[in-house]
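**Q**
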Amino acid sequence: MIKDFFLKNWDLFFNEPKPLTLQVVPISSCLYDYGNDIVLLFPPYSTYPEYVVKIARSAKYNFKLHNEYDALKALFEKKELSKFVPYPHHLGEVSGKTFFIQGGFSGSNLFNLIKEKGLTSHTKTLLNDAVDLLVTINASGVNVDESGDQCQKREPDTLKTYRRELINLGIAEQNIEIIRDEYHSLKNKNSYFLHGDYWQTNILVENRKIKGIIDWEFAARNASVPMDIFWFLINLAYCIHSTNNNNSNISDSFRNVFFGEVESGVQSLISSLLQRYFQSDFDPKLVRLYLKLTLIEMSLREFKTYGSHTNMDKVCVEMLKHLMNNSNSFFLK
Amino acid sequence: MSKFEFQRFLILFWGHYFSKANILSVNDNGIERKTTKLVTEEGNAERDYLTGLELYSEKRFEEGVTALIEETSLAKSRNCYFFTPHKKLIPKIKETIERLSLGNYDLFGIDPDYFYSFVPLNGKNHKAIEKYIVGMKTESSVKGKLKKEFKRLLIALGLSETIYEGFIFSVSGRESIDEK
């Protein structure tokens, strides 16, 4: 049985003493072929899964776990981040499918906490901490040199490579050109290490502190757009707005919070978190551009990874179109 | 549990070792035998297979056990599983495993909620694990939150079996003498 498999191979997988036994909890995280099966491992007396095993459901998507493993190996070398990222114990293969064993964290996720408690001083402090941690994560990528070839501004590859797909999604070619021109006019030379899916469900908290950040499958080094903060804020708006409005989806929340007259408390929170991330007053034009680029990437993420669009891609396209057709947002003025 | 999920469960639990599972499915009309392919790199397709007994019928329990004994006597490995949606059969299955000295077992409850999970129901820290799994679910409605608290109460009182839609005994059997 799978428990025996881990115990038998313990010394190969872990650099820790073998427990006498294990409790295993297999979980289905989603029903699609591109998802992973997850097995939580609980040593005796443990109240949280000290090890998490992700198993690719199809060998076609092994690369996602390889990507996550590489990202965690790189991040674990940074002292200021190592306690917040899962320890990458072992990457292996059985029957052609990759499995990845990583360390687990105690605690519950920030999304659930905000849903249960709302915006309190406690949850706001955690949101601030999440943004501070994100600054550190994003800055752990390679910084370009001011001299030489690395100084060349890099256009997000998506606009060139997936131009046809963007047009098929209903984005006017003219708008794509405008975004490209805006990006080229930037003086920014920064490069970012992205989590790739930095939202509140992937942030584990306990006793008023952030314990860890999970789910690094979409991590990217040397990204040219700081997408994580925008994805974090879009999902924060969804978390708060949907708590008060049970039927709203992420696109509804985006429209209501970012462009609506309601939820002014949420709007000022989002502005303050954005300022905290950029560590200064932010340029609305730059924020608008980054938000567009973030939604473009998220509109294509599942297509680029799995070969076809999923519901999340389509929802991001809706948000992108709304952004392009409306300038009346509280933080874009 | 849908056939699709069951297949995944079999592959997840045993796919690293067995090439196939011989399954006896017991319902009120009789016993159906089927073979399902698992995936393996290490198992020997000719001799290694998992045996499974799926008890959908309470009244045909003894018949099912007899068929299982016959099946496992043919197999070299005694690894097997029992599945049932009926919690009334749990004590009978436990007693059968012990009576037949089939081996050590782990009992799992099949949680049908958002995270489709197999939750350990034996072992020293199983209550803590059950509470952890319940805590993972996102519930924003009042009804959902109340349901979550009620489940936690059932777990604390040792009455959590009502939460689950089915039960699996995974038996790590003794190897036959021939295998040594």
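First to last, the protein sequences are chains A and B.
For the first sequence, the numbering used here begins at 15 and goes up steadily by one.
For the second sequence, the numbering used here begins at 18 and goes up steadily by one.
Even for Gly, the Cβ is constructed at its ideal location relative to N, Cα and C.
Since we're looking at a predicted model, the values are computed, not measured.
1. By how many angstroms is the C-alpha of Lys165(B) removed from the C-alpha of Thr319(A)?
2. Return helix, strand or coil for Val188(B), following the three-state DSSP convention.
3. What are the uninterrupted segments assigned as alpha helix (DSSP H) that are 4 or more residues long and contained completely in the region 97–138 of chain A, given in chain order?
4. Got a sec, what are the start and stop residues for the alpha helix (DSSP H) Val159(B) sits in?
5. May I have the straight-line CA-CA distance separating Thr172(A) from Asn152(A), to the nearest angstrom?
6. Under three-state DSSP, which class holds Trp230(A)?
7. I'd like the span of the alpha helix (DSSP H) that includes Arg116(B), first residue to last.
8. Answer with buried or exposed for Leu348(A), where buried requires no fewer than 16 other C-beta atoms within 10 angstroms of its C-beta.
9. Can you give me the Cβ contacts of Ile16(A) inside the same chain, cut-off strictly under 8 angstroms, excluding the 5 residues immediately before and after it?
10. As an exercise, report each continuous alpha helix (DSSP H) stretch of at least 4 residues that is fully enclosed by the region 31–82 of chain B, in chain order.
11. Helix, strand or coil for Ser279(A)? Go by DSSP, reduced to three states.
12. From Tyr181(B) to Gly161(B), what does the alpha carbon distance come to, in whole angstroms?
13. Closest to Ile107(B) by CA distance: which of Asn96(B), Ser74(B), Thr53(B), Gly152(B) is it?
14. Looking at Leu79(A) and Phe28(A), is the spacing between their C-beta atoms short of 8 angstroms?
15. Show which residues of chain A have a CB atom less than 7 angstroms away from the CB atom of Lys141(B).
16. Check whether the Cβ atoms of Phe125(B) and Ile185(B) lie closer than 8 angstroms to each other.
17. Using CA atoms only, rank isn't needed, just tell me which of Gly132(A), Asn76(A), Ala237(A), Leu124(A) is closest to Lys154(B).
18. Can you name, in chain order, every residue of its own chain whose Cβ lies under 6 angstroms from the Cβ of Asn221(A), other than the five neighbours on each side?
19. Contact between the region 81–96 of chain A and the region 223–235 of chain A is defined here as three or more beta-carbon pairs at a separation below 8 angstroms; is this criterion met?
20. Does any residue of chain A have a CB that is nearer than 8 angstroms to the CB of Phe184(B)?
21. Classify Glu115(B): buried if its beta carbon has 16 or more other beta carbons within 10 angstroms, exposed otherwise.
22. Can you tell which of Ser177(B), Val159(B), Arg77(B) has its C-alpha closest to the C-alpha of Lys109(B)?
23. For Met259(A), which residues does DSSP report across the bridge?
24. Please confirm if Phe27(A) has its CB atom under 8 angstroms from at least one CB of chain B.
25. Give the residues from the region 233–258 of chain A that approach chain B closer than 8 angstroms (Cβ to any Cβ), ordered along the chain.
26. Closest to Ile243(A) by CA distance: which of Leu21(A), Leu95(A), Tyr212(A) is it?
27. In chain order, what residues of the region 96–122 of chain A put their CB closer than 7 angstroms to some CB of chain B?
28. Tell me, which residues are paired with Asp123(B) by DSSP?
29. Does the beta carbon of Asp130(B) sit closer than 8 angstroms to a beta carbon anywhere in chain A?
30. Given Gln166(A), which residues of its chain have a CB within under 6 angstroms of its CB, disregarding the five upstream and five downstream residues?
31. Which whole-angstrom value is the C-beta distance of Leu287(A) and Leu141(A), which I expect to be below 8 angstroms?
32. Check the Cβ of Asp123(B) against every Cβ in chain A and list those closer than 9 angstroms, keeping chain order.
33. What span of residues does the beta strand (DSSP E) with Leu26(A) cover, start to end?
34. What did DSSP end up calling Asp51(A) once you bin it into helix, strand or coil?
35. Please determine, among Phe98(A), Lys93(A), Val108(A), Cys253(A), the residue with the shortest C-alpha to C-alpha distance to Lys131(A).
36. In angstroms with no decimal places, state the Cα-to-Cα distance between Phe240(A) and Asn182(A).
**A** Judging by the given coordinates:
1. For this step, residue 319(A) is matched to residue 305 along the first sequence. For this step, residue 165(B) is matched to residue 148 along the second sequence. Distance between the alpha carbons of Thr319(A) and Lys165(B): 35 angstroms.
2. Locating residue 188(B) in the second sequence gives position 171, counting from the first residue. The answer is strand: DSSP assigns Val188(B) an E or B state.
3. 124–131
4. Counting from one through the second sequence, the residue named residue 159(B) turns up at place 142. Looking at the DSSP string, the run of the alpha helix (DSSP H) that includes Val159(B) is 159–173.
5. Here residue 172(A) refers to the residue found at position 158 of the first sequence. Here residue 152(A) refers to the residue found at position 138 of the first sequence. Thr172(A) and Asn152(A): Cα-Cα distance of roughly 20 angstroms.
6. Taking the first residue of the first sequence as 1, we reach residue 230(A) at position 216. Looking at Trp230(A) - three-state DSSP - the assignment turns out to be coil, as it is neither helix nor strand.
7. Here residue 116(B) refers to the residue found at position 99 when the second sequence is read from its first residue. Here the alpha helix (DSSP H) through Arg116(B) covers 107–116.
8. Only positions 15 to 347 of chain A appear in the structure, and residue 348(A) is not among them; the question remains open.
9. Start at 1 with the first residue of the first sequence, and residue 16(A) comes out as number 2. So the list reads Val38, Pro40, Val53, once near-sequence residues are dropped.
10. none
11. For the purposes of this step, residue 279(A) is taken as residue 265 along the first sequence, with counting starting at 1. The question names Ser, but residue 279(A) in the sequence shown is Gly. It is helical.
12. On the second sequence, position 164 is the one that residue 181(B) refers to. On the second sequence, position 144 is the one that residue 161(B) refers to. Near 16 angstroms, if we compare the C-alpha coordinates of Gly161(B) and Tyr181(B).
13. Position 90 of the second sequence, counting from 1, holds the residue named residue 107(B). It is Ser74(B).
14. To locate residue 28(A), count along the first sequence from 1; it is residue 14. To locate residue 79(A), count along the first sequence from 1; it is residue 65. Contact: no.
15. Counted from its first residue, the second sequence places residue 141(B) at position 124. Per Cβ cutoff of 7 angstroms: Pro58, Tyr59.
16. If you number the second sequence from 1, residue 125(B) lands on position 108. If you number the second sequence from 1, residue 185(B) lands on position 168. Yes.
17. Translated into the one-based positions of the second sequence, residue 154(B) becomes position 137. The residue with the shortest Cα to Cα distance from Lys154(B) is Leu124(A).
18. Numbered from its first residue, the first sequence carries residue 221(A) at position 207. Excluding positions up to five away in sequence, the list is empty.
19. yes
20. Residue mapping note: residue 184(B) aligns to position 167 of the second sequence, counting from 1. Taking Cβ atoms only, chain A never reaches closer than 8 angstroms to Phe184(B), which makes this a no.
21. As a working mapping, residue 115(B) is identified with position 98 in the second sequence. By the neighbour-count rule (16 or more Cβ atoms within 10 Å), Glu115(B) is not buried but exposed.
22. Here residue 109(B) refers to the residue found at position 92 when the second sequence is read from its first residue. Considering only alpha carbons, the answer is Arg77(B).
23. For the purposes of this step, residue 259(A) is identified with residue 245 of the first sequence, where counting begins at 1. The sequence given here places Asn at residue 259(A); Met does not occur at that position. Answer is none; Asn259(A) lacks a bridge partner.
24. As a position in the first sequence, residue 27(A) is number 13, starting the count at 1. So, not an interface residue.
25. Ser256, Thr257
26. Within the first sequence, numbered from 1, the residue matching residue 243(A) stands at position 229. Checking every option, the nearest Cα to that of Ile243(A) belongs to Tyr212(A).
27. Val108, Ser109, Ser122
28. Here residue 123(B) refers to the residue found at position 106 when the second sequence is read from its first residue. BP columns for Asp123(B) point to Ser187(B).
29. Your numbering for residue 130(B) matches position 113 in the second sequence. No - not a single Cβ of chain A is within 8 angstroms of the one on Asp130(B).
30. Residue 166(A) sits at position 152 when you count from the first residue of the first sequence. Here the model assigns Gln166(A) a pLDDT of 41, short of 50, so the residue's position is not dependable, and the following value carries that caveat. Around Gln166(A): no qualifying Cβ.
31. Indexing the first sequence from 1 puts residue 287(A) at position 273. Indexing the first sequence from 1 puts residue 141(A) at position 127. Yes, they are in contact, since the Cβ atoms of Leu287(A) and Leu141(A) sit about 6 angstroms apart, within 8 angstroms.
32. The residue labelled residue 123(B) in the question sits at position 106 within the second sequence. Per Cβ cutoff of 9 angstroms: Met15, Lys17, Gln37, Val38.
33. If you number the first sequence from 1, residue 26(A) lands on position 12. From DSSP, Leu26(A) is part of no beta strand (DSSP E) but of the alpha helix (DSSP H) over 24–27.
34. In the first sequence, counting from the first residue as 1, residue 51(A) sits at position 37. Reduced to three states, the DSSP call for Asp51(A) is strand.
35. One-based indexing of the first sequence puts residue 131(A) at position 117. The shortest C-alpha separation from Lys131(A) is found at Cys253(A).
36. In the first sequence, residue 240(A) corresponds to position 226, counting from 1. In the first sequence, residue 182(A) corresponds to position 168, counting from 1. The amino acid occupying residue 240(A) in the given sequence is Pro; Phe does not appear at that position. About 26 angstroms.
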